[in-house]
Each structure stands twice: as C-alpha cells, then as structure tokens.
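K.L.:
Using my numbering, read the sequence shown as starting at 47 and increasing by one per residue.
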Amino acid sequence: MKDYIELNYMFGFTLTMVKEFDSCVILTDNLKERKVDDASLAYLKNEITMAEYVDKMDDETEDSDEESKPNEKKFYQIETKITFTDGENEDERVQTFVVNTFNVDRAMMLITHYLKNKEEECEKQAKEKGHEFRKREIHTAIESAKPIPVGRFIPKEFSMAYME
C-alpha cells in the first residue's frame, strides 16, 4: 500500500479505512457514458420543434435532483445469481462483484460482459490444449445491490506485480 500511495500521491493523506475484497470480482467502467434522451431523439426525427425541444430540456434541468448525477461513478456491491445453461445441464451459483460505474443497470451490463469474456477465454484455452468445450448461455440476476463507500482502490494489476 505504501508504494501505491508514494507513486500516486504527492501530498499528505489520511487512511480512514482499509478493506480487502478477496472473495469478489472488482470491475471498473471504462466505457464512455453516452446519454441520449427522448427529447433529443424526437427533435432529430422532426417530431417536435426547436422551441418544444428547448422547453423539454429546461423541464429536465429543473426536475433533476442532486442524487441523480449520471456522470458521477459510484462503487456498487452486487450479489449476482449466475445461471449457466448448455442445453441440457443448468448450473447456478452466486458471485459478489464490486463495480465502479454510474448505476446498477450499467453494472449488470459490465458483469455480463465480463462473464462472457471469461467464457470465451476458457473456450480458447480448451481448444489450444485440444479439449472439447461446450459453450454455455449465461444469465445473470441481481440478488442484492448497494452502493459502498470507496475513496480509492488499489488495482489488482499493481498488487500482482509484487507477487512475482
């Protein structure tokens, strides 16, 4: 931890809490947020006039509250039920993920993407070793989700460099 802090911070710091998440997968959202609202689509399709578009945008600005900041990432601890099916067999397990993203829906998209990438990685490794691989369908469902307070986290890659 000391090395990470020395490399990433030039000024003083205070540690308020340290927590290790060794039994969960930590994902970070590196995708760009692209928000397209209904008013913009309606205007682009010539369904509303410019004046109506401006009015709708003003209404949305007034309606937005402090808690719904779409551009602010939070850490979410999400317990996910994962179901793998390959046509005849069904395997179910529960996995905890910590995801740094804008909202829970986006977190679930990232979790599903992560699981599909892992499945493809396993398939590739099996084929390289000459083994048969049965690709499975992956379905995810939220068991529980909650925002958790995280100021900073040390990436796994940084920690793994010290293991070697």
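All residues carry an ideal CB built from backbone N, CA and C; glycine is no exception. Predicted, not measured: the structure shown is a model, and the values here were computed from it.
1) In angstroms with no decimal places, state the Cα-to-Cα distance between I51 and T158.
2) Output the distance between the C-alpha atoms of K65 and A207, rounded to the nearest integer angstrom.
3) According to DSSP, simplified to helix, strand and coil, what is K48?
4) Which of the three DSSP states, helix, strand or coil, is assigned to T142?
5) Do D75 and N163 come within 9 Å of each other at the CB atom, strictly closer than that value?
6) Applying the criterion that 16 or more other CB atoms from any shown protein chain within 10 Å of the CB defines a buried residue, is E122 buried or exposed?
7) Tell me whether L53 sits in a helix, a strand or coil according to DSSP, three-state version.
8) Does A153 pass the burial test, meaning 16 or more other C-beta atoms within 10 Å, or should it be called exposed?
9) Ordered along the chain, which non-local residues of its own chain (more than five positions away) have a Cβ less than 7 Å from that of C70?
10) Got a sec? Which residues, its chain only, sit under 8 Å from I184 by beta carbon, not counting five neighbours each side?
11) Can you give the Cα-Cα distance for I194 and I200, rounded to whole angstroms?
12) Judging by CA-CA distance, which residue of K119, E203, G58 is the nearest neighbour of L77?
13) Taking the beta strand (DSSP E) that E189 falls in, what are its first and last residues?
14) Applying the 10 Å Cβ sphere with the 16-neighbour rule, what's the burial state of K62?
15) Can you tell which of K175, I72, K102, E169 has its C-alpha closest to the C-alpha of R182?
P.N.:
The answer reads as follows:
1) Approximately 32 Å between the Cα atoms of the pair.
2) The C-alpha of K65 lies about 20 Å from the C-alpha of A207.
3) In the structure shown, K48 falls within a helical segment according to DSSP collapsed to helix, strand and coil.
4) In this structure, DSSP gives T142 an extended state, which the three-state scheme calls strand.
5) In this structure, D75 does not lie closer than 9 Å to N163 by Cβ.
6) The residue you asked about is not Glu; residue 122 is Tyr in the sequence shown. With 16 or more other CB atoms across the displayed protein chains lying within 10 angstroms of its CB, Y122 is buried.
7) If DSSP states are grouped into helix, strand and coil, L53 belongs with the helices.
8) The residue in question, A153, is buried, as its Cβ has 16 or more Cβ neighbours within 10 Å.
9) Cβ within range, chain order: T142, F143, V144.
10) I128, T129, F130, T158, L161, K162, E165.
11) Cα-Cα distance, rounded: 16 Å.
12) Of the candidates K119, E203, G58, the one whose C-alpha sits nearest the C-alpha of L77 is K119.
13) Annotation for E189: the continuous beta strand (DSSP E) segment containing it runs 183 to 194.
14) Note that residue 62 corresponds to Thr in the displayed sequence, not to Lys. Classification of T62: exposed, given that the 10 Å Cβ count is below 16.
15) R182 has its Cα closest to that of E169, out of K175, I72, K102, E169.
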